[in-house]
Amino acid sequence: MKQSYFDGGLGSYIGLQITNVLIVIFTVGLGTPWAIVRSYRWEIEHSVIEGKRLMFNGSAGSLFTHWILWWFLTMITFGIYSFWVHIKVIEWKTEHTYFVS
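When we follow full-length UniProt numbering, the leftmost residue of the sequence shown carries the number 1, and every step to the right adds one.
Here it is in structure tokens:
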């Protein structure tokens, strides 16, 4: 059986998160999808499952269009749709994750 492991390091994680916080602050929250995609890409591309490395091909632009729609639906439903947003983000993340051949 092939091994599964995670090869991300603390230094790169801290640098990533500092950059993400700055992106969100300087864009007054509009950069949140970019920060999310950067975090997902780091996490997924440092993961190996049964000897196969995972890759992530999601783009911030793609998530941004979904993000605006989900935000709008949350507003017009007085927050009720927010219960579905986390599930939708997981679906989007999964659709853009694959094994390297």
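Even glycine gets a Cβ: it sits at the ideal position worked out from N, Cα and C.
Taking a contact as a CB-CB distance under 8 Å, the pair Glu50 and Ser101 does not count as one, their CB atoms being some 14 Å apart. Of the other Cβ atoms in all chains shown, 16 or more fall within 10 Å of the Cβ of Leu63; this residue is therefore buried.
Boundaries around Leu54 are those of the beta strand (DSSP E), 52-56, since no alpha helix (DSSP H) includes it. Using a Cβ-Cβ distance cut-off of 8 Å, the segment 41-50 and the segment 2-21 are in contact, since at least three pairs of beta carbons, one from each stretch, lie closer than that value. Thr97 is bridged by DSSP to Phe56. Three or more beta-carbon pairs drawn from the segment 53-71 and the segment 27-44 are found closer than 8 Å, and the two stretches are therefore classed as touching. The alpha carbon of Ile14 has as its nearest neighbour, out of Ile80, Tyr81, Trp42, the alpha carbon of Trp42.
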